[in-house]
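Okay, structure first, notes after.
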Ligand code: HEC
Ligand code: HEC
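In mature numbering (1 follows the signal peptide of the UniProt record, and there is no 0), the protein residues as written are -20 to -1, 1 to 171.
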């Protein structure tokens, strides 16, 4: 009996330790990404319900300089990514992948939605199926993501500040601003 208790102690201490690390991490994420990762700031993405692999990839891209990070009150994603261990990135990615992606109510131009849907079906749906609603596609979620954030994302792919799939970048570069606004209205219309 005595031996068993001693044997368990390090395991119990270890579980407390990892729980504490996780809470501290979650708190840091949520200062920017909002409660449960459902951002209320339209220039910061909702991260709840994204595929774990996409969240992990985002961290390696910020770390490797393949994606430029925006300064928010003196902190940014590159600094966050550099401060985390591989295990922490993997834990936090899994954590948010199990939360629900919740779409905010956004104002959008209803007259552009149909045109946006047509462009999406012709050029984007092959990788972002069902209007970009599916985390399982592992191409991030477009439907219901904040419009100002998505507009910045598209522009950062076009001007090379963010590394993207070659085929996608070509498709995006060929779009007019009007086409982009139509796509954004379509994504905002989806729940
Ligand atoms: C200082 C604010 C800040 C903190 C802290 C922060 N993020 Fe971010 N995060 C952002 C911003 C802003 C973006 C998008 C713009 C950019 O690239 O900088 C972003 C982008 C992301 C993305 C990419 C999402 C997509 O759709 O491409 C993921 C995933 C992410 N953050 C996860 C996290 C996690 C998990 C944590 C906690 C470990 C965290 N972030 C902490 C501000 C922050
Ligand atoms: C060949 C496949 C492919 C095609 C076609 C494609 N995409 Fe993507 N897209 C991806 C992948 C892969 C990602 C994830 C990139 C990452 O992890 O940073 C992505 C990410 C995105 C993002 C970033 C979302 C976020 O949360 O930051 C936007 C916006 C986007 N795509 C828009 C489009 C639009 C609009 C089209 C059509 C004009 C399109 N994509 C066509 C593969 C594709």
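Yeah, the Cβ is synthetic: ideal placement off N, Cα and C, and Gly gets one too.
Got a sec: does ligand 1 put a non-hydrogen atom nearer than 7 Å to the Cβ of residue i?
i           : result
residue 25  : yes
residue 11  : yes
residue 131 : no
residue 55  : yes
residue 30  : yes
residue 35  : yes
residue 38  : yes
residue 163 : no
residue 134 : no
residue 50  : yes
residue 72  : yes
residue 167 : no
residue 92  : no
residue 120 : yes
If you follow the alpha helix (DSSP H) that residue i is part of, which residue opens it and which one closes it?
i           : result
residue 37  : 32 to 43
residue 77  : 66 to 77
residue 161 : 157 to 169
residue 60  : 57 to 63
Does any heavy atom of ligand 2 sit closer than 7 Å to the C-beta of residue i?
i           : result
residue 111 : no
residue 145 : yes
residue 125 : yes
residue 83  : no
residue 138 : no
residue 155 : yes
residue 59  : no
residue 78  : no
residue 103 : yes
Do you know offhand how far residue i's Cα is from residue j's?
i           : j           : result
residue 119 : residue 68  : 22 Å
residue 163 : residue 149 : 15 Å
residue 110 : residue 136 : 24 Å
residue 129 : residue 63  : 24 Å
residue 74  : residue 170 : 25 Å
residue 95  : residue 4   : 44 Å
residue 126 : residue 89  : 14 Å
residue 153 : residue 60  : 30 Å
residue 18  : residue 84  : 9 Å
residue 80  : residue 30  : 9 Å
residue 92  : residue 133 : 20 Å
residue 41  : residue 100 : 26 Å
To which residues does DSSP link residue i through a beta bridge?
i          : result
residue 47 : 142
residue 99 : None, per the DSSP bridge assignment.
residue 52 : 55
Only counting runs of 4 or more residues, tell me where the alpha helix (DSSP H) segments fall wholly within the region 101 to 154, in order along the chain.
If only complete runs of 4 or more residues are kept, the region 101 to 154 shows the alpha helix (DSSP H) at 109 to 112, 127 to 138 and 146 to 153, in order along the chain.
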